[in-house]
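A.B. asks:
Protein chains: 2
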Amino acid sequence: MSVSVESFLMDPHHDGTLQSRIRQMVAQGILSGRMRRGERMPSSRKLAAHLGVSRITVTLAYADLVADDYLRAEGRSGYFVSEGAPEPGDHPPARASGGDAVDWGRMLGHRPESVPMSLGKPRNWRDFRYPFVYGQADPTLFDHANWRGCMLQALGQKDFALMTDDNFDHDDPALVEYIARHTLPRRGILAAPDEILVTLGAQNALWLTAQLLLNQRRTAAIEDPGYPGLREILRQTRCRVVPVPVGAQGLEPARVPAGTDILFCTPSHHCPTGATLPLEARHALLHEAAARNTLIVEDDYEFEITHGRAPLPALKSLDREGRVIHVGSFSKSLFPGLRLGFLVGPAPFIREARALRATVLRHPPGLLQRAASHFLSLGYYDAMLRRLTRSFSQRRAVLLEAAQAEGLTIGGAVDVGGSSLWMRTPQGVSAETLARDLHEDSVLIEPGARFFDRPEEGDRYYRIAYSSITEERIPEGIARIARRLRSGNWT
Amino acid sequence: MSVSVESFLMDPHHDGTLQSRIRQMVAQGILSGRMRRGERMPSSRKLAAHLGVSRITVTLAYADLVADDYLRAEGRSGYFVSEGAPEPGDHPPARASGGDAVDWGRMLGHRPESVPMSLGKPRNWRDFRYPFVYGQADPTLFDHANWRGCMLQALGQKDFALMTDDNFDHDDPALVEYIARHTLPRRGILAAPDEILVTLGAQNALWLTAQLLLNQRRTAAIEDPGYPGLREILRQTRCRVVPVPVGAQGLEPARVPAGTDILFCTPSHHCPTGATLPLEARHALLHEAAARNTLIVEDDYEFEITHGRAPLPALKSLDREGRVIHVGSFSKSLFPGLRLGFLVGPAPFIREARALRATVLRHPPGLLQRAASHFLSLGYYDAMLRRLTRSFSQRRAVLLEAAQAEGLTIGGAVDVGGSSLWMRTPQGVSAETLARDLHEDSVLIEPGARFFDRPEEGDRYYRIAYSSITEERIPEGIARIARRLRSGNWT
Chain A
1 MSVSVESFLM
11 DPHHDGTLQS
21 RIRQMVAQGI
31 LSGRMRRGER
41 MPSSRKLAAH
51 LGVSRITVTL
61 AYADLVADDY
71 LRAEGRSGYF
81 VSEGAPEPGD
91 HPPARASGGD
101 AVDWGRMLGH
111 RPESVPMSLG
121 KPRNWRDFRY
131 PFVYGQADPT
141 LFDHANWRGC
151 MLQALGQKDF
161 ALMTDDNFDH
171 DDPALVEYIA
181 RHTLPRRGIL
191 AAPDEILVTL
201 GAQNALWLTA
211 QLLLNQRRTA
221 AIEDPGYPGL
231 REILRQTRCR
241 VVPVPVGAQG
251 LEPARVPAGT
261 DILFCTPSHH
271 CPTGATLPLE
281 ARHALLHEAA
291 ARNTLIVEDD
301 YEFEITHGRA
311 PLPALKSLDR
321 EGRVIHVGSF
331 SKSLFPGLRL
341 GFLVGPAPFI
351 REARALRATV
361 LRHPPGLLQR
371 AASHFLSLGY
381 YDAMLRRLTR
391 SFSQRRAVLL
401 EAAQAEGLTI
411 GGAVDVGGSS
421 LWMRTPQGVS
431 AETLARDLHE
441 DSVLIEPGAR
451 FFDRPEEGDR
461 YYRIAYSSIT
471 EERIPEGIAR
481 IARRLRSGNW
491 T
Chain B
1 MSVSVESFLM
11 DPHHDGTLQS
21 RIRQMVAQGI
31 LSGRMRRGER
41 MPSSRKLAAH
51 LGVSRITVTL
61 AYADLVADDY
71 LRAEGRSGYF
81 VSEGAPEPGD
91 HPPARASGGD
101 AVDWGRMLGH
111 RPESVPMSLG
121 KPRNWRDFRY
131 PFVYGQADPT
141 LFDHANWRGC
151 MLQALGQKDF
161 ALMTDDNFDH
171 DDPALVEYIA
181 RHTLPRRGIL
191 AAPDEILVTL
201 GAQNALWLTA
211 QLLLNQRRTA
221 AIEDPGYPGL
231 REILRQTRCR
241 VVPVPVGAQG
251 LEPARVPAGT
261 DILFCTPSHH
271 CPTGATLPLE
281 ARHALLHEAA
291 ARNTLIVEDD
301 YEFEITHGRA
311 PLPALKSLDR
321 EGRVIHVGSF
331 SKSLFPGLRL
341 GFLVGPAPFI
351 REARALRATV
361 LRHPPGLLQR
371 AASHFLSLGY
381 YDAMLRRLTR
391 SFSQRRAVLL
401 EAAQAEGLTI
411 GGAVDVGGSS
421 LWMRTPQGVS
431 AETLARDLHE
441 DSVLIEPGAR
451 FFDRPEEGDR
461 YYRIAYSSIT
471 EERIPEGIAR
481 IARRLRSGNW
491 T
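Residue numbers (full-length UniProt numbering), protein chains in the order written: chain A, 1 to 491; chain B, 1 to 491.
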């Protein structure tokens, strides 16, 4: 038997060099059982002609496959599937989910309905011409070349142990040191390595904290509106959740109810309104917390993207009693897919968080910790942040101007820049409907209802982010929003 | 003011090129506030002489820093800290854990004592000459070059969205497809993409499963001895845990007690004895499970490292009722630091697992999913697996021969190879003591007590793995264990 040249189809959408694509076709043919041991491969000349590539490309791919014992060479141009090639599965596959013998509804218990997870962030956001989408990386601002360089360095022999080991009891020391010596001092925070835990993004840091500190007998206070991912986390702990209304200057310390065990807040840039908690309010908050023995979780998720005015010291830096747990993230500044964040708190708390993390997921991948630590310590991160904030600040100015020119209403803070603006629709206009209608105009905005404890209260709010839209497109995007608002039938 | 050349100290232990180390020293000097805006840098000639490097190296590093606006060049050879350089932290750092105002013992509640996490796997295992350590990658067998190549490909522009996006509602389609089309069929399993979830390693897959299916009213049965990480996971769910004794052929189906809601097992290679569950027992287990309405979680953690005889079909492949949840991992075959595993089960279960994963950690990093999917689909993975199993099989033969020659007693299975052997000490000899004493001989073995429900029952067992020790060193390592056993004072 010989393998027919027709079984080779070059997938035009596939990545990689021609040579690696040929290699892949052969390897997959063997692994799936389509090409069997001892079968003769098409000659390099024939295959090259069939695929429309040069003969040397095929020869090189074949040589590579011979080296890995997928193929063996015989004589001058004969290639055969090697006797040592891997066997395809021996057992005829059975469908995984056979039968309905199991009542999954019962087995999964009374779990809360899983939230519609794609809300506000459709997968195909890149297809929109005016994507005011929040929290995705902008390829035009990202420092590809140096990130690749740092990854390559982390992939080197020197870092092999850090990449491969099962290091569940400690994090990359270089990354922890960088966070302790550079990231935190800029927030006014001094922390020892045993007061820092690297987490799988800020979400994971918040989750670990909530798991450790809350249960059905405890009460958590959260900002309203606030980060929807947090509400989901708290639901899992079954604690009592009290929403605290947020004003133009963020959380009002006096409104945090007595009996609150843990307060979750975003003082740097309130999520989603962008309000910055004034210094006096920070002191007042700490004072109240001390009086009532409340712990505070400070989610500093977007601190590094500050422009417009100098950042205020973190709550944690003002805390003299060790009652603030600080959550940081590299997701907004590097990219969310990296999944690296950190938790800063007293050593006994961090110790328990580390043990819980080990049970749930062991540790954040060593390779990414090391690559990030190279990127940070070589100063590329700071250089990129400066480019990022410079660009965001320009985009914000354009956005504010366009919004004013078009008569849009801003519903949140305007003084300190993050990566988004919080907006309000005119009376009677549902932001949900607006967002849906705008899809037709290739405009993506995020309806605000999901940020509210009672979604109906948020029906007139929406978020427009400028982290993934170029400056030039902002005016037209805003104009389209305004046009919809003027033309719509909103009853 | 100018920056003194003495403030530059080349750290001999630091990674990277000379140029990048100079860059790093300057960037960190600026970020930490030691070098201030407007200060003059040492001339390239002076700094080069001080550091003992060539002048061009310093010039290139400076040019790089100028490009990123850390420095500015003036005239022909003057460099100054740029006025646009980042500011160091504005606020004097305060110690993170000030005061003891918070009673952390009370706040953390009655959490179980965190287990001593480094047990059996000391961080410095590389310092041992005879490291019979389990579950770490062997740099001599790992395919560095192609892994780097696949990482580079994943870092390319084409994969930017996959690397950076916040893709919490779906996994890398190419990785899922590979698992569905190649990995699972070899286990006899056919699964659709919505029946597969990529997890942060097998540990995370087990954790998600336990969280979804167990609570304080349910009963889990586990193997005894068994995987210690699982016991920790179950403790968190507060379910009832019933240990099921394991014999020479693994779990005995008849011994799974009535009333078991979920049975966790390792049929391919029982952890830690290495026993393989015979085909008849697999059928019997499924039969019992159906009769008692028990769900089975099959942890197939080491399947791909099978040598010695052909693997048996996975339990999941024999399951006609959809009551088996299958856990797989690339940790043992690629490396544990990668943290990639997967969960296979009925779609409604996978849907809930995905929602829970999103709350806890969002998703496994996209970059690693993509790099792994390149490595798998190009066939490098299979080629590496073959090298790995060939080498492990040789090491195992050497190990068995040495153990026999030295009169050591094997306490587990010998017929199917994984990456370790389960051993037993002579009467009266504590494996814990043996392991401790062997440190002096530069030999690392893993005491078995922690695998047992009642640790005292395991005091005579230990595990010796051959995944991180070279073939040549095995005989001497074994000889040293035997010498200790002969010479010891064990009362």
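We treat Cβ as the ideally placed atom computed from N, Cα and C, and that holds for glycine.
1) Which stretch, first to last residue, makes up the alpha helix (DSSP H) that contains Gly341(A)?
2) In angstroms, rounded to a whole number, what distance separates the CA positions of residue 492(A) and Ser333(B)?
3) Shorter than 7 Å from the beta carbon of Pro173(A) to some beta carbon of chain B?
4) Within 7 Å (strictly less), CB to CB, does Asp166(A) reach chain B?
5) Can you tell which of Gly188(A), Met10(A), His144(A) has its C-alpha closest to the C-alpha of Arg320(A)?
6) Are any of the Cβ atoms in chain A nearer than 7 Å to that of Phe335(B)?
7) Buried or exposed: Ser467(A), going by 16 or more other Cβ atoms within 10 Å of its Cβ?
8) If contact means a Cβ-Cβ distance below 7 Å, which residues of the segment 337–358 of chain A contact chain B?
9) Are Phe142(A) and Ile445(A) close, meaning C-beta to C-beta below 7 Å?
10) Return the chain-ordered list of same chain residues with a C-beta closer than 7 Å to the C-beta of Pro311(B), the five sequence neighbours on each side being excluded.
11) Can you give me the Cβ contacts of Ala479(A) inside the same chain, cut-off strictly under 8 Å, excluding the 5 residues immediately before and after it?
12) For Ala465(A), which of helix, strand or coil comes out of DSSP?
13) Can you round the beta-carbon distance between Asn69(B) and Arg23(B) to whole angstroms, since I take them to be within the 8 Å contact cut?
14) For Gly417(A) versus Arg396(A), is the C-beta spacing smaller than 7 Å?
15) Starting from Val326(B), follow its DSSP beta bridges and name the residues at the other end.
16) In the DSSP output, which residue or residues are listed as bridge partners for Ile262(A)?
17) Taking contact to mean at least 3 C-beta pairs separated by less than 8 Å, is the segment 218–237 of chain B in contact with the segment 377–397 of chain B?
18) Does the segment 189–196 of chain A come close enough to the segment 345–360 of chain A that 3 or more CB-CB pairs lie under 8 Å?
19) Return the residue from the list Gln153(B), Asn204(B), Ser44(B), Leu277(B) that minimises the CA-CA distance to Ala371(B).
20) The alpha helix (DSSP H) that contains Phe228(B), what's its start and end?
21) Given that Tyr70(A) touches chain B, what residues does it touch there, using C-beta distances under 9 Å?
22) Give me the residue from Gly366(B), Leu400(B), Glu440(B), Gly84(B) with the minimum Cα distance to Met151(B).
23) Under 8 Å, with one C-beta from each stretch per pair, do the segment 159–176 of chain A and the segment 352–364 of chain A reach the 3-pair mark?
24) Can you name the start and end residues of the beta strand (DSSP E) that Ile56(B) belongs to?
25) Against chain A, with Cβ distances strictly below 7 Å, would Ala101(B) count as a contact?
26) Quick check: the segment 321–332 of chain B against the segment 171–178 of chain B, are at least 3 beta-carbon pairs closer than 8 Å?
27) With a cut-off of 7 Å, does the C-beta of Gln19(A) fall near any C-beta of chain B?
28) Should Leu251(B) be labelled buried (16 or more other beta-carbon atoms within 10 Å of its own) or exposed?
29) Could you confirm whether any beta carbon from chain B is found closer than 7 Å to the beta carbon of Ser118(A)?
30) Using a Cβ-Cβ cutoff of less than 7 Å, which residues in the same chain neighbour Leu162(B) once the five nearest sequence positions on both sides are dropped?
31) Run through the DSSP bridge pairs and tell me what Ala73(B) is partnered with.
32) Is there a Cβ from chain B that is less than 7 Å from the Cβ of Leu200(A)?
33) Is the distance from the Cβ of Leu71(B) to the Cβ of Val58(B) below 7 Å?
34) Return the chain-ordered list of same chain residues with a C-beta closer than 8 Å to the C-beta of Glu113(A), the five sequence neighbours on each side being excluded.
35) Would you mind sorting Gln19(B) into buried or exposed? The rule is 16 or more other CB atoms within 10 Å of its CB.
36) Does the beta carbon of Asn204(A) sit closer than 7 Å to a beta carbon anywhere in chain B?
C.D. replies: In short:
1) Premise fails: Gly341(A) lies in the beta strand (DSSP E), 341–344, not in any alpha helix (DSSP H).
2) As displayed, chain A neither begins before 1 nor continues past 491, which places residue 492(A) out of reach and without an answer.
3) False, the Cβ-Cβ gap to chain B never drops below 7 Å.
4) Under the Cβ distance rule, Asp166(A) counts among the residues neighbouring chain B, one pair being separated by less than 7 Å.
5) Closest by C-alpha distance to Arg320(A), out of Gly188(A), Met10(A), His144(A), is Gly188(A).
6) Closer than 7 Å to some Cβ of chain A, the Cβ of Phe335(B) qualifies, so yes.
7) Ser467(A) should be labelled buried.
8) Residues Gly337, Leu338, Arg339, Val344, Pro346, Ala347, Pro348, Phe349, Arg351, Glu352, Ala355, Ala358.
9) Not in contact: Phe142(A) and Ile445(A) (Cβ atoms no closer than 7 Å).
10) These residues qualify, in order along the chain: Ser268, Phe303.
11) Same-chain partners within the cutoff: Ala402, Glu406.
12) Residue state, collapsed to three classes: strand.
13) Correcting the residue type first, residue 69(B) is Asp in the shown sequence and not Asn. Asp69(B) to Arg23(B), Cβ: 13 Å. No contact.
14) Yes; because the gap between Cβ atoms is below 7 Å, this pair is in contact.
15) In the sequence as presented, Val is not what sits at residue 326(B); that position holds His. Listed as beta-bridge partners of His326(B) by DSSP are Glu298(B), Val344(B).
16) Partner(s): Ala220(A), Leu295(A).
17) Between the segment 218–237 of chain B and the segment 377–397 of chain B, the count of Cβ pairs shorter than 8 Å is below three; the stretches do not touch.
18) Taking a cut-off of 8 Å on C-beta distances, the segment 345–360 of chain A touches the segment 189–196 of chain A, as three or more cross pairs fall below it.
19) For the residues Gln153(B), Asn204(B), Ser44(B), Leu277(B), the minimum Cα distance to Ala371(B) belongs to Gln153(B).
20) Note that residue 228(B) corresponds to Pro in the displayed sequence, not to Phe. Following the DSSP letters along the chain, one finds Pro228(B) inside the alpha helix (DSSP H) bounded by residues 228–237.
21) In chain order, Gly379, Asp382, Ala383 make up the part of chain B whose C-beta sits under 9 Å from the C-beta of Tyr70(A).
22) Met151(B) has its Cα closest to that of Gly366(B), out of Gly366(B), Leu400(B), Glu440(B), Gly84(B).
23) Because the criterion of three Cβ pairs below 8 Å is met, the segment 159–176 of chain A and the segment 352–364 of chain A touch.
24) It is not in any beta strand (DSSP E) - Ile56(B) instead sits in the alpha helix (DSSP H) that spans 55–67.
25) At least one chain A Cβ lies under 7 Å of Ala101(B).
26) Contact between the segment 171–178 of chain B and the segment 321–332 of chain B is absent, because fewer than three Cβ pairs lie under 8 Å.
27) Chain B, which has no Cβ nearer than 7 Å to the Cβ of Gln19(A), makes this no.
28) Buried, because 16 or more other Cβ atoms sit within 10 Å of the Cβ of Leu251(B).
29) Residue confidence is low: Ser118(A) scores 47 on pLDDT, short of 50, so the model does not pin down where it sits. Its coordinate-derived value is still stated next. Yes, contact with chain B.
30) Cβ within range, chain order: Asp172, Gly366, Arg370.
31) Answer is Tyr79(B), bridged to Ala73(B).
32) With a threshold of 7 Å between beta carbons, Leu200(A) makes contact with chain B.
33) For Leu71(B) and Val58(B), no; Cβs fall outside 7 Å.
34) Unreliable placement is indicated for Glu113(A), whose pLDDT of 49 sits below 50; the coordinate value is still reported in the next sentence. Closer than 8 Å at Cβ, skipping near neighbours: no residue.
35) Buried is the call here.
36) Closer than 7 Å: yes.
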